[in-house]
Each structure stands twice: as structure tokens, then as C-alpha cells.
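A.B. asks: Chains as they are written, first to last, in the working numbering: chain A, 1 to 87; chain B, 88 to 311.
(1) Near residue 88 of chain B, what residues of its chain come up, given a Cβ to Cβ distance below 7 Å and the 5 sequence neighbours on each side ignored?
(2) Would DSSP call residue 309 of chain B helix, strand or coil?
(3) If contacts are defined as beta-carbon pairs under 8 Å, then residue 274 of chain B and residue 186 of chain B qualify, I think. What distance do you get, rounded to the angstrom?
(4) Whose CA, out of B:307, B:137, B:292, lies closest to the CA of residue 216 of chain B?
(5) Within 7 Å (strictly less), CB to CB, does residue 27 of chain A reach chain B?
(6) Using beta carbons (cut-off 7 Å, strictly below), is residue 252 of chain B in contact with chain A?
(7) Does residue 92 of chain B come out as helix, strand or coil in the three-state DSSP assignment?
(8) Pair every Cβ in the stretch 135–143 of chain B with every Cβ in the stretch 243–263 of chain B, then say whether three or more of these pairs are closer than 8 Å.
(9) Can you list, in chain order, the residues of its chain whose CB lies under 7 Å from that of residue 172 of chain B, leaving out five sequence neighbours each side?
(10) Since residue 165 of chain B is in the alpha helix (DSSP H), which residue starts that stretch and which ends it?
(11) What does a CB cutoff of less than 6 Å around residue 74 of chain A pick up in its chain, not counting 5 residues either side in sequence?
(12) Interface residues of chain B around residue 1 of chain A at Cβ under 9 Å?
(13) Excluding the 5 residues preceding and the 5 following residue 54 of chain A in the sequence, name in chain order all residues of the same chain whose CB lies nearer than 8 Å to its CB.
(14) Tell me the DSSP secondary structure of residue 129 of chain B in three-state form.
(15) At the level of alpha carbons, what is the spacing between residue 281 of chain B and residue 206 of chain B?
(16) Three-state secondary structure (DSSP) at residue 188 of chain B?
(17) What's the C-alpha gap between residue 47 of chain A and residue 227 of chain B?
(18) Roughly how many angstroms separate the alpha carbons of residue 117 of chain B and residue 178 of chain B, rounded to a whole number?
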């Protein structure tokens, strides 16, 4: 029983920590992009494309964390071993 | 945890077949794309009617993006890139209709797409450069080549992983958030989430296409 409680806690805390870093990173990227567009509005198209690629790259970190959390919650590989240990 | 009712899954259960729902919905998306392409190209005129107009603007938009990203040399690979973007966009958007399931919310579909990009990148590179395609993996200094080679190979292997997991995580995460919202408050609350789903669908289709273009352009350019 404790095992499942810890699984849920690990998924929640892991997703929280993962999204903190991703949020800071994306915020910095968008900050620079907005500054760039404010200085040179005619370059907004290129800046948007580059920013999107960068954001997608940064976002994949949070997505990895999310996938790991989903594996922990719904497709945990250790459940059978834990069940046999618990009897 | 998926949609409460999927009509293709229901039909499948009546017929007692065992095909995954992502496969049946992929067939549905293929059917929609075929039908739209057929209707749009049936009577091509100088002054386009409604369907031809729609498809012309979509195709020329993708082509503009392609030429902007890859240069005029990339026009050869337009059919593949356009297929990717149309398929991913339609399969992302289909998930917003009740009773439909986006095929991209299953990892198998996305791995198939990402592996296609991965293999095509190297085929194009070898076709373009022949044996000297290996220089792409060697880096500028010959003495450091063994070290750079390992790093480059790991970097190349991470590409299909990140491509497939990004699309899967976004679509599946959106599905789950929507289901949780519907379970909490079914009335009106899921609508802002669904609006965000439209945005996410477009951005993810755009990002996948853009990254595929960049990978192919990277294989096309000369090694330094």
C-alpha cells in the first residue's frame, strides 16, 4: 500500500519539479523573443519560427517528465514484483 | 483513461475484430484526406471554387514554409513534408470532436512517423553526398573524430525519441486533462481547455513539420 502512495507522490512531485525548470526556460526564451520583436518588428516572422523550435525543444523536457509520471501511475513495471513480495 | 465513447471502437466490437483504436482512427484520417484531395482535384479550374481554393491555400502555405526553411533545394521533398503536416494536423484536430480519438495520442503512430523521418534523413544524406556523408559525423578536427562520432550518433538517435515523445506527450496529456475536467465539471468548463487544444494541435503539427525539414536540410548541406 505504501508503495502505491509513494508512486503517486513521486509522480506529483516529479511533475512539479520538471515544470519549474521548463517554465523558467520558456520564460527566458519568450522574454528574449519579445525584446527582439520590440526592437525590430520587421523580423517578427523569423523570430517566431526560431522561438517555436526552441520552445518545442525546451518543452520536450517537461513532456519526458510527464511520460515518466504516466508510466509510474498507469503502467508501472514493478507492480507484479511488489504484489508477490507483499503476498 | 480515454474518451467515454468512441464510435469506431463500438463498430469494431460489433464486428469482433481486434484492431487498435489508433489504427482504425488512422484509417479514418486517411479516408478524410483522400476524400478532400479527391474533391479538391476533381475539376481544377483557373478560377478556383471553394474546395480547390482551400487546398491551394494550404498547399502554398506549406510550400512557402518549406522554401523559407530549406531553400529551393528542398522542394524535392515537398510531398513527404506536406503529407506529414496534413496527416498530423488532421489527426490532432480530430480528437476535439466527441466520439473521436486522435491517432497521435498513441505512441505507436508517432514512433512510425518519427522513424520515417529518421530513416529518410540518412537516405537523403547518403543519396546526396555518397560516402562523404560520414563527414557529417566527424566534426571539424580529425583527431577528435572518434569522440565526436559517438556524440553525433547519440544525438541522431535522440531525434526520433524526442520527435515521437513530444507529439505523444502533448496529445495524450491534453486528452487526460480534458477527461479530468469533464469528470470534475462537465458543464462549460472543458471548453477553454478545448480551445487550447486547437492551439496545441496546430503548434505540434507545425513543430513536427519544421523539425523534419530542419533534419533533412541538415543532411542536405555540406559538411564543414
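C-beta atoms are modelled at their ideal positions from N, C-alpha and C, and glycine is treated no differently.
These numbers come from a predicted model, not from an experiment.
C.D. replies: Well, looking at it:
(1) Residue 88 of chain B sits at position 1 when you count from the first residue of the second chain. Because residue 88 of chain B carries a pLDDT of 49, less than 50, the predicted location of this residue cannot be relied on, and the following value inherits that uncertainty. Correct list, in chain order: 263, 266.
(2) Here residue 309 of chain B refers to the residue found at position 222 of the second chain. Three-state result, residue 309 of chain B: coil.
(3) Within the second chain, residue 274 of chain B is the residue found at index 187, counting from 1. Within the second chain, residue 186 of chain B is the residue found at index 99, counting from 1. Not a contact, Cβ separation roughly 19 Å.
(4) Residue mapping note: residue 216 of chain B aligns to position 129 of the second chain, counting from 1. Ranking B:307, B:137, B:292 by Cα distance to residue 216 of chain B puts B:307 first.
(5) As a position in the first chain, residue 27 of chain A is number 27, starting the count at 1. No, no contact with chain B.
(6) Taking the second chain and counting its residues from 1, the one referred to as residue 252 of chain B is at position 165. By this cut-off, residue 252 of chain B is an interface position.
(7) Your numbering for residue 92 of chain B matches position 5 in the second chain. Coil, per DSSP.
(8) By the Cβ criterion, the stretch 135–143 of chain B is not in contact with the stretch 243–263 of chain B, since fewer than three pairs of Cβ atoms, one from each stretch, lie closer than 8 Å.
(9) The residue given as residue 172 of chain B occupies position 85 in the second chain. So the qualifying residues of the chain are 149, 292, 296.
(10) For the purposes of this step, residue 165 of chain B is taken as the residue at position 78 of the second chain. Its alpha helix (DSSP H) spans residues 165–181.
(11) Along the first chain, one-based indexing puts residue 74 of chain A at 74. Answer for residue 74 of chain A: no residue qualifies.
(12) Residue numbering aside, residue 1 of chain A sits at position 1 when the first chain is read from its first letter. Correct list: empty, because the minimum Cβ distance to chain B is about 22 Å.
(13) Counting from 1 along the first chain, the entry for residue 54 of chain A is found at position 54. Cβ neighbours of residue 54 of chain A beyond the five flanking positions: 29.
(14) Counting from 1 along the second chain, the entry for residue 129 of chain B is found at position 42. Here residue 129 of chain B sits in coil by DSSP.
(15) As a working note, residue 281 of chain B is residue 194 in the second chain. As a working note, residue 206 of chain B is residue 119 in the second chain. Their backbone Cα atoms lie some 34 Å apart in a straight line.
(16) Taking the second chain and counting its residues from 1, one reaches residue 188 of chain B at position 101. If DSSP states are grouped into helix, strand and coil, residue 188 of chain B belongs with coil.
(17) Within the first chain, the letter at position 47 stands for residue 47 of chain A. Within the second chain, the letter at position 140 stands for residue 227 of chain B. Taking the straight line from one Cα to the other gives about 29 Å.
(18) Within the second chain, the letter at position 30 stands for residue 117 of chain B. Within the second chain, the letter at position 91 stands for residue 178 of chain B. The alpha-carbon atoms of residue 117 of chain B and residue 178 of chain B are separated by roughly 9 Å.
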